[in-house]
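Report on the following structure.
Numbering (our numbering), first residue to last: 1 to 129.
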């Protein structure tokens, strides 16, 4: 089962666009996996062609410590992903969620959103915040 599950996780991870990120929990929810550590284990064992660097923890930070974490950050920054002063990524800017119809057509579940939906604002209205 682990090989099939990992293959499903890798399929999704390969579809995360350049410059976008998701979380271990989001990938798990799409694959019907309740433990995000399973996704972390899959990323640790990922083949070379899986963009493992695009998968983060739910806080929007890198979980890896030391050189592996620095390598992940460097890869993401080279893709144009920005970190704030606390080492967090803004999911509203860089978060990835595939189309619900695409997920369903490929046998995946639609997970909860990574970030709250922003209401439409009048483009003529000045937005100070």
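Don't be surprised by glycine CBs; every beta carbon is placed ideally from N, CA and C.
Along the chain, where does the alpha helix (DSSP H) that runs through residue i open and close?
i: residue 108; result: Residue 108 -> no alpha helix (DSSP H), and no H or E assigned at all.
i: residue 91; result: 91 to 94
i: residue 3; result: 2 to 14
i: residue 73; result: 66 to 78
i: residue 42; result: 36 to 44
For residue i, write down the residues that DSSP places opposite it in a beta bridge.
i: residue 56; result: 23
Between the Cα of residue i and the Cα atoms of the options, which residue gives the shortest distance?
i: residue 101; options: 94, 110, 93 and 24; result: 110
i: residue 91; options: 40, 12 and 60; result: 60
i: residue 78; options: 11, 20 and 12; result: 20
Below 8 Å on the Cβ atoms is my guess for residue i versus residue j; work out the distance and round it to an integer in Å.
i: residue 9; j: residue 42; result: 5 Å
i: residue 17; j: residue 96; result: 6 Å
i: residue 54; j: residue 22; result: 7 Å
i: residue 98; j: residue 15; result: 6 Å
i: residue 103; j: residue 26; result: Going by Cβ atoms, the distance from residue 103 to residue 26 rounds to 11 Å, so no, they are not a contact pair.
Handout entry: Cβ pair count under 8 Å reaching 3, the stretch 76 to 86 against the stretch 3 to 12
Key = The stretch 76 to 86 is not in contact with the stretch 3 to 12.
Practice task
Count the CB pairs spanning the stretch 25 to 37 and the stretch 59 to 76 that are closer than 8 Å, and state whether there are at least three.
Solution key: By the Cβ test, the stretch 25 to 37 is not in contact with the stretch 59 to 76, since fewer than three Cβ pairs between them sit closer than 8 Å.
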